[in-house]
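Chains as they are written, first to last, in the numbering used here: chain H, 464 to 571; chain D, 21 to 140.
And the structure:
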């Protein structure tokens with residue numbers, strides 16, 4: 464199985480801050496990476512696919528980069544609605560599809 | 021807009037079979053670009069992919085669950101289903117159904133989730 468490791472596990476930030484979350488794959492996944500935002504008790508929401516492609520309807524303050532094994536999600540100016548947990552997911556190896564452990568972004 | 025809705029018992033006894041159904045509306049369950057998936061999230065923990073079914077009936081399972089898992093699709097009812105046998109407390113989780121676009125490998129459409137507790 465491909466292991467996905469996210470760091471940090473949590474981050475405290477203020478509205479307006481630039482925040483960068485990282486995700487590392489245990490082997491090369493090319494650009495087969497997606498990022499999700501999840502709020503408590505809700506389903507995850509797709510933000511980014513193919514490592515850097517913004518999903519339709521997602522604000523442009525979210526951006527993704529990386530390829531191979533190292534990836535990042537950046538929120539350019541944190542908004543109140545962005546406080547949530549973020550997960551990365553690899554789609555290079557289908558069996559099984561795997562997620563990172565998540566990074567919680569909370570209010571400083 | 022594609023909508024997914026999980027349904028099924030919220031409480032299952034240990035050693036019994038967990039059964040959930042996902043109803044798809046607002047779009048076609050026979051889409052050639054979408055795989056229909058089940059995922060779960062234990063309380064306070066991360067996401068785990070359970071398995072997938074394609075409209076033609078092909079299935080793909082997480083190897084950690086294969087021996088207990090059955091996923092099926094009923095295109096006439098626009099539903100797909102999950103059956104997980106011999107459950108234990110470790111199977112207590114929020115279960116999500118989702119639609120994954122095959123050409124990007126990402127879960128685009130999600131149900132709201134169904135909490136299943138395994139307890140006697």
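Built from N, CA and C at the ideal position, the CB exists for glycine as well.
Cβ neighbour criterion (16 or more within 10 Å) applied to residue i
{"i": "residue 57 of chain D", "result": "buried"}
{"i": "residue 64 of chain D", "result": "exposed"}
{"i": "residue 570 of chain H", "result": "exposed"}
{"i": "residue 123 of chain D", "result": "exposed"}
{"i": "residue 134 of chain D", "result": "buried"}
{"i": "residue 491 of chain H", "result": "exposed"}
{"i": "residue 553 of chain H", "result": "buried"}
{"i": "residue 94 of chain D", "result": "exposed"}
{"i": "residue 504 of chain H", "result": "exposed"}
Residue i to residue j span [Cα, whole Å]
{"i": "residue 136 of chain D", "j": "residue 467 of chain H", "result": "26 Å"}
{"i": "residue 558 of chain H", "j": "residue 549 of chain H", "result": "22 Å"}
{"i": "residue 506 of chain H", "j": "residue 85 of chain D", "result": "22 Å"}
{"i": "residue 478 of chain H", "j": "residue 543 of chain H", "result": "6 Å"}
{"i": "residue 99 of chain D", "j": "residue 42 of chain D", "result": "5 Å"}
{"i": "residue 76 of chain D", "j": "residue 96 of chain D", "result": "12 Å"}
{"i": "residue 26 of chain D", "j": "residue 519 of chain H", "result": "24 Å"}
{"i": "residue 131 of chain D", "j": "residue 545 of chain H", "result": "21 Å"}
{"i": "residue 52 of chain D", "j": "residue 110 of chain D", "result": "34 Å"}
{"i": "residue 83 of chain D", "j": "residue 50 of chain D", "result": "25 Å"}
{"i": "residue 69 of chain D", "j": "residue 508 of chain H", "result": "15 Å"}
{"i": "residue 522 of chain H", "j": "residue 40 of chain D", "result": "34 Å"}
{"i": "residue 88 of chain D", "j": "residue 79 of chain D", "result": "14 Å"}
{"i": "residue 464 of chain H", "j": "residue 532 of chain H", "result": "14 Å"}
{"i": "residue 129 of chain D", "j": "residue 90 of chain D", "result": "21 Å"}
{"i": "residue 118 of chain D", "j": "residue 126 of chain D", "result": "10 Å"}
{"i": "residue 556 of chain H", "j": "residue 81 of chain D", "result": "13 Å"}
CB of residue i within 8 Å of CB of residue j, strictly
{"i": "residue 18 of chain D", "j": "residue 44 of chain D", "result": "Examination of residue 18 of chain D is not possible in this model, given that chain D is present from 21 through 140 alone."}
{"i": "residue 103 of chain D", "j": "residue 72 of chain D", "result": "no"}
{"i": "residue 488 of chain H", "j": "residue 512 of chain H", "result": "no"}
{"i": "residue 29 of chain D", "j": "residue 113 of chain D", "result": "no"}
{"i": "residue 22 of chain D", "j": "residue 47 of chain D", "result": "yes"}
{"i": "residue 539 of chain H", "j": "residue 494 of chain H", "result": "no"}
8 Å Cβ cutoff, residue i in contact with chain A
{"i": "residue 558 of chain H", "result": "The chain inventory of the structure shown lacks chain A, comprising the protein chains H and D."}
Own chain partners of residue i with C-beta closer than 7 Å, once the 5 adjacent residues on each side are dropped
{"i": "residue 547 of chain H", "result": "500, 501, 502, 568"}
{"i": "residue 108 of chain D", "result": "34, 138"}
{"i": "residue 32 of chain D", "result": "38, 107, 136, 138"}
{"i": "residue 471 of chain H", "result": "566"}
{"i": "residue 476 of chain H", "result": "482, 541, 568, 571"}
{"i": "residue 36 of chain D", "result": "107"}
Cβ shell of residue i (< 8 Å), same chain only, five flanking positions each side left out
{"i": "residue 528 of chain H", "result": "514, 515, 534, 535, 537"}
{"i": "residue 560 of chain H", "result": "552, 553, 554"}
6 Å CB neighbourhood of residue i in its chain, flanking five on each side removed
{"i": "residue 92 of chain D", "result": "101"}
{"i": "residue 420 of chain H", "result": "Residue 420 of chain H falls outside the range modelled here, since chain H spans only 464 to 571, and no answer is possible."}
{"i": "residue 55 of chain D", "result": "72, 74, 120, 122"}
{"i": "residue 485 of chain H", "result": "470, 535"}
{"i": "residue 564 of chain H", "result": "469"}
{"i": "residue 115 of chain D", "result": "40, 60, 134, 136"}
Cβ-heavy atom distance, residue i to the ligand GTP, below 7 Å
{"i": "residue 558 of chain H", "result": "Absent from the structure shown: the ligand GTP. Ligands present: none."}
Query raised in the report: Of all the residues that make up the stretch 60-90 of chain D, which are near chain H by a beta-carbon distance shorter than 7 Å?
Result: 66, 67, 69, 80, 82, 83
Residues of the stretch 504-517 of chain H whose Cβ lies closer than 9 Å to any Cβ of chain D, in chain order = Correct list: 504, 505, 506, 507, 508, 509, 511, 512, 513, 516.
Check: What residues from the stretch 542-553 of chain H come within 9 Å of chain D, judged by C-beta to C-beta, listed N to C?
Finding: 548, 550, 552, 553
- [ ] Scan the stretch 485-501 of chain H for residues whose Cβ lies nearer than 7 Å to a Cβ of chain D and list them as they occur along the chain.
- [x] 495, 497
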